[in-house]
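Participant: Mind looking over this structure? Questions follow.
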Amino acid sequence: MTAEAFKRQLEALSADYRRDLPKKLALIESLWLELAHGAAQPSRITDLLRELHSISGSAKTLGVAGVSEAAATAESFLEPFSKRGKLPNAAQQAEFVRLLDALKRAGS
Amino acid sequence: MAARNPVVINEHDVYSLTKKGEEELRGADTSLSPAEIELLIRTDGKATVAQITAAVRAFPRDRVVASLQELFIGGWIRTAPKPDPLDIVGFFEAPVPKLSAAAMSKAKSEAASGTATLDKRGHYVRIARRSAKREAKSETISVVVVEDEPHLAKFLKQYLSFEGFDARIAGNRSEIMAALRQAPLPDLVLLDVMLPDADGFDILLKMRAHPVLKSVPVIMLTAKATRESVLRGLAGGADGYITKPFEVDSLIKAVSTVLGLPQNPGSGTLKR
Chain G
18 MTAEAFKRQL EALSADYRRD LPKKLALIES LWLELAHGAA QPSRITDLLR
68 ELHSISGSAK TLGVAGVSEA AATAESFLEP FSKRGKLPNA AQQAEFVRLL
118 DALKRAGS
Chain C
546 MAARNPVVIN EHDVYSLTKK GEEELRGADT SLSPAEIELL IRTDGKATVA
596 QITAAVRAFP RDRVVASLQE LFIGGWIRTA PKPDPLDIVG FFEAPVPKLS
646 AAAMSKAKSE AASGTATLDK RGHYVRIARR SAKREAKSET ISVVVVEDEP
696 HLAKFLKQYL SFEGFDARIA GNRSEIMAAL RQAPLPDLVL LDVMLPDADG
746 FDILLKMRAH PVLKSVPVIM LTAKATRESV LRGLAGGADG YITKPFEVDS
796 LIKAVSTVLG LPQNPGSGTL KR
């Protein structure tokens, strides 16, 4: 494979990742809403954390640096609650929603 | 003099020392030539004939083969029993081996500098390895990429394939089992820490306790570049770290250093 063909292959992969990003962000939002409204067990924060972790660890490599950074910030905020298996209090929830909004903006 | 049966030596054959061969190496006197002694040293039960030939550059291939035939007929070497890379049944079911206090203590002194290097460069390599296989340029280096994010896994596979590696990807327990069982045994594992049904550090410990997988170099792919996680990896026997999200440059540097491959200066690619 030529370097040019390889570059095109990576660009196609990056474009595919960007196309999938809204679905990933929607999943994160839906998980958070379930948790915040008591429709999911607090232990499911781990699932939310995993989704954020996945995005923070991949987006920059695949060409969306701002998304990685925003996801990493949200992940760091949530991690202590995941370890305790407890939901953030109201003020902390508001802060987390702000971080999620920043993530959505970075991904749009 | 009776004609001896010719011993057919193939490129992929692997030989190990017999008791006589081991004693020959240990003994003060030897009837063997320096070239034969060098071959005995390199006959470690792991290197193929192709790898030995590549490593012993001073001698032509024909001479290496002829010498190996003589060593075989003379009883110094024998066909090595083949390690079975498929024998990993129960890999995930077995309990995770515990880290020894000695391993933790040894890793502690390195963890601080490792974390600092990760922060600065995005990768940290503990041990530069160089095996005979690296020197046998004809052999493809195989890498198992354990990564559950499908796009990132595909990126790694495409990138490593472009660089000439044989890359297999695995995102969960069953895929890891399948990738590890597939011959040949991998030359390197890139191991994500947070997986849907497994923990990368636990996998590392299990690999290091496994008779076949214990010598396979492992580079951890981790977003958690904390001292605690670096310490855990070092104590568990990781050869290197790459911080996620990673730059391709960090990936190349870590892989090339752990595998003992030179890089093409300025090109950002590996020299094979």
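Protein chains in written order, with this note's numbering: chain G, 18 to 125; chain C, 546 to 817.
Note that CB positions come from ideal geometry on N, CA and C, so glycine has one too.
Predicted model, so just to flag it, every value in this text is computed and none were measured.
Does the beta carbon of G:GLY74 sit closer than 8 Å to a beta carbon anywhere in chain C?
Facilitator: Reading the first sequence from its first residue, position 57 is the one you call residue 74 of chain G. So yes, G:GLY74 belongs to the interface.
Participant: Taking just the CA atoms, how far does C:PHE791 sit from C:LYS564?
Facilitator: The residue given as residue 564 of chain C occupies position 19 in the second sequence. The residue given as residue 791 of chain C occupies position 246 in the second sequence. C-alpha separation (whole angstroms): 48 Å.
Participant: Taking just the CA atoms, how far does G:GLU28 sit from G:ARG35?
Facilitator: By 1-based counting over the first sequence, the position of residue 35 of chain G is 18. By 1-based counting over the first sequence, the position of residue 28 of chain G is 11. Straight-line Cα distance between these residues: approximately 11 Å.
Participant: Counting only C-beta atoms, is G:PHE23 closer than 8 Å to chain C at any point?
Facilitator: Counting from 1 along the first sequence, the entry for residue 23 of chain G is found at position 6. By this cut-off, G:PHE23 is an interface position.
Participant: Are G:ARG67 and C:MET765 touching if we call contact CB-CB under 8 Å?
Facilitator: Numbered from its first residue, the first sequence carries residue 67 of chain G at position 50. Numbered from its first residue, the second sequence carries residue 765 of chain C at position 220. Contact: no.
Participant: Comparing the C-beta of G:SER71 with each C-beta of chain C, is any distance below 8 Å?
Facilitator: By 1-based counting over the first sequence, the position of residue 71 of chain G is 54. At least one CB of chain C lies nearer than 8 Å to the CB of G:SER71.
Participant: In or out: C:VAL803 buried (at least 16 other Cβ within 10 Å) or exposed?
Facilitator: Position 258 of the second sequence holds residue 803 of chain C. It is buried - the Cβ of C:VAL803 has at least 16 other Cβ atoms within 10 Å.
Participant: Note down, in chain order, every chain C residue with its Cβ under 7 Å from the Cβ of G:SER60.
Facilitator: The residue you call residue 60 of chain G lines up with position 43 of the first sequence. Per Cβ cutoff of 7 Å: no residues; G:SER60 is ~15 Å from chain C at best.
Participant: Which residue comes first and which comes last in the beta strand (DSSP E) that contains C:GLY566?
Facilitator: Counting from one through the second sequence, the residue named residue 566 of chain C turns up at place 21. Per DSSP, C:GLY566 belongs to no beta strand (DSSP E); it is in the alpha helix (DSSP H), 564–571.
Participant: Taking the alpha carbon of C:LEU779 as the reference point, which residue from C:GLY659, C:VAL800, C:THR767, C:TYR704 has its own alpha carbon closest?
Facilitator: Working through the second sequence from its first residue, we reach residue 779 of chain C at position 234. Closest by alpha carbon: C:GLY659.
Participant: When you compare the CB of G:ARG67 with every CB in chain C, is at least one pair closer than 8 Å?
Facilitator: By one-based count along the first sequence, residue 67 of chain G stands at place 50. So yes, G:ARG67 belongs to the interface.
Participant: Using a cut-off of 8 Å between C-beta atoms, extract the partners of G:LEU27 located in chain C.
Facilitator: Taking the first residue of the first sequence as position 1, residue 27 of chain G is located at position 10. In chain order: PHE700, GLN703, TYR704.
Participant: Taking only beta carbons into account, state which residues of the stretch 782–793 of chain C come closer than 7 Å to chain G, listed in chain order.
Facilitator: If the cut-off is 7 Å between Cβ atoms, the stretch 782–793 of chain C has LYS789, PRO790, PHE791 near chain G.
Participant: Hey, C:VAL689 and C:ALA724 are a contact pair by Cβ (cut 8 Å); roughly how many whole angstroms apart?
Facilitator: As a working mapping, residue 689 of chain C is identified with position 144 in the second sequence. As a working mapping, residue 724 of chain C is identified with position 179 in the second sequence. The Cβ separation is near 5 Å, so the contact holds.
Participant: Within the 8 Å Cβ cut-off, does C:LEU616 reach chain G?
Facilitator: Here residue 616 of chain C refers to the residue found at position 71 of the second sequence. False, the Cβ-Cβ gap to chain G never drops below 8 Å.
Participant: Do three or more CB pairs link the stretch 715–733 of chain C to the stretch 594–614 of chain C at distances below 8 Å?
Facilitator: For the pair of segments examined, the stretch 715–733 of chain C was found not to touch the stretch 594–614 of chain C: the number of CB pairs separated by less than 8 Å stays below three.
Participant: Strictly by DSSP, which residues pair up with C:ASP711?
Facilitator: Taking the second sequence and counting its residues from 1, the one referred to as residue 711 of chain C is at position 166. For C:ASP711, which the question treats as bridged, DSSP gives the partners C:SER687.
Participant: Short of 9 Å Cβ to Cβ, which residues in the stretch 101–120 of chain G face chain C?
Facilitator: Taking 9 Å as the Cβ-Cβ cut-off, the stretch 101–120 of chain G has no residue approaching chain C.
Participant: Residues of chain C with a CB under 9 Å from the CB of G:LYS77: which are they?
Facilitator: Here residue 77 of chain G refers to the residue found at position 60 of the first sequence. Chain C residues near G:LYS77: LYS789, PRO790, PHE791, GLU792.
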